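Its first residue numbered 1, the sequence shown is counted upward by one per residue in the UniProt record's numbering. For every residue, glycine included, the Cβ atom is placed at its ideal position computed from N, Cα and C. These numbers were taken from a predicted model, which means no experiment stands behind them.
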Amino acid sequence: MMSTCILPYMEATGCTQDSPHIRLKFYIDLSWIFSTCIGLILFLVEIGIIFFVKFISVEYVMAGYITTAMLIPVVIVFVVFSYLIHKSRVTFTLNRFKDKVS
C-alpha cells in the first residue's frame, strides 16, 4: 500500500528537501519490491504448482513436469524486465538529480 500511494506522488511532484518522504524512500522502495516483484514471482510459482498438482491427480506426471517447466522462461523474462525497468528508472532519477545539482 505504501509503495502504491506514496511512490508515484514522490516521483511526480519532486518532494522538497524537508519532506518526510525523503527519509522514507528506502522503506517505500523496499515495500515496492516486496509487494510487486516478489508477489508476482510467488504468483507464477503458485501457477506452476497448480499445473503440477492438476496433472499429477490425473496421472499425467510428464505433463505436470512440462507445464511447470514452461513457466521457468516466463519467470526469467519477468525478472530480467523488472531489473531493466528498475535500472532505467534509477538511472533517470540519478541523472535528474545530477542536472539539478549542476
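**Item:** Rounded C-alpha distance that separates K54 from V75
**Value:** 20 Å
**Asked** Would you call the CB atoms of F52 and T68 closer than 8 Å?
**Response** yes
**Asked** Can you list, in chain order, the stretches of the alpha helix (DSSP H) that have 4 or more residues and sit fully within the segment 28-63?
**Response** 39-57
**Request:** May I have the straight-line CA-CA distance separating I38 from E59, to the nearest angstrom?
**Result:** 31 Å
**Inter-residue spacing [alpha-carbon to alpha-carbon] between L40 and R89** = 19 Å
**Request:** Whole angstroms is fine: what's the gap from A63's alpha carbon to F34's?
**Result:** Going by the C-alpha atoms only, they are around 32 Å apart.
**Message:** Since I47 and L71 should fall inside the 8 Å C-beta cutoff, what is the C-beta to C-beta distance between them, to a whole number of angstroms?
**Reply:** About 6 Å separates the beta carbon of I47 from that of L71, a gap short enough to meet the 8 Å contact definition.
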